[in-house]
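Chains as they are written, first to last, in the numbering used here: chain A, 19 to 131; chain B, -8 to 102.
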């Protein structure tokens, strides 16, 4: 009965590769997010989608492309991976985009070699 | 300058102790405030919202000082299970969903 799930949990890959991380929520929420937590544990929002529409797009390289096929899913595709992309990526969801509690997925640990 | 600043710690306290964390925010227009908890290698989870008049939830008390732009979290009678990183979080508008996280304060409660 996992509320927000992400796959894969761990991802180790070479520089230059393209990879995707998937996120699904079964809470019936309208809004989903991607966050990046770097090696210094700083958690920063990357994107937010509300009902499949992009509403927040922070300064993120355009190698990162989110896709929301429906409001229960928000996937993150990363092209031409770089060493600096190594981090933990968290997906989250909230009931709406009006500031309610955000529920986080377990995170995807990405290591780029 | 980061939106939210916290002392990273670590704070090592014995069981039963009272411990307090502070956090400061840079934007005076910040409207909503929260404390999240993150266990080692886990995801962040909401601990409590912070209201202007201060609020309490069991052993946890949160306070907001808008004039000085800081938020505090007080934990009384610390338990081993309180060991975690505590993240201070603000939004710039009431009801906005763009959360700005501090880097967290790490707490270890020692038997």
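Positions of the beta carbon are idealized from the N, C-alpha and C atoms, including for glycine.
Neighbours of residue 99 of chain B across chain A, judged by C-beta separation under 8 Å, do not exist; the nearest C-beta is about 15 Å away. Bounds of any beta strand (DSSP E) do not take in residue -2 of chain B, whose DSSP letter is neither H nor E. In terms of Cα proximity to residue 76 of chain A, the closest of B:98, B:-2, B:90 is B:90. Ranked by Cα distance from residue -6 of chain B, the options B:0, B:37, B:22, B:4 are led by B:22. Between the beta-carbon of residue 53 of chain A and that of residue 40 of chain A there is about 15 Å, and that puts the pair past the 8 Å contact cut. Sequence-distant Cβ neighbours of residue 120 of chain A in its own chain, meaning closer than 6 Å and more than five residues away, are 110, 112. The stretch 34 to 51 of chain A makes contact with the stretch 79 to 94 of chain A: 3 or more CB pairs, one atom from each, lie closer than 8 Å. Residues of chain A whose Cβ lies closer than 9 Å to the Cβ of residue 94 of chain B are, in chain order, 58, 59, 60, 61.
Residue 46 of chain A does not reach chain B, its nearest Cβ partner there being about 16 Å away, counting only Cβ pairs nearer than 9 Å. One thing to note: residue 123 of chain A has its Cβ no nearer than 8 Å to the Cβ of residue 55 of chain A. Taking C-beta atoms as the reference points, residue 58 of chain A and residue 76 of chain B fail to come closer than 8 Å. Counting only residues of its own chain and dropping the five nearest sequence neighbours on each side, residue 78 of chain A has a CB closer than 6 Å to the CB of 64. Considering only beta carbons, the part of the stretch 65 to 88 of chain A lying closer than 7 Å to chain B consists of 66, 74, in chain order. The C-beta distance from residue 36 of chain A to residue 80 of chain A rounds to 13 Å, too long to meet the 8 Å contact threshold. Chain A places a beta carbon closer than 8 Å to that of residue 34 of chain B, counting this residue as a contact.
Burial check for residue 84 of chain A: the Cβ neighbour count within 10 Å reaches 16 or more, so the residue is buried. Within the same chain, and ignoring the five residues on either side of residue 100 of chain B in sequence, the residues whose Cβ sits closer than 7 Å to its Cβ are 4, 6, 69, 70, 71, 73, 74.
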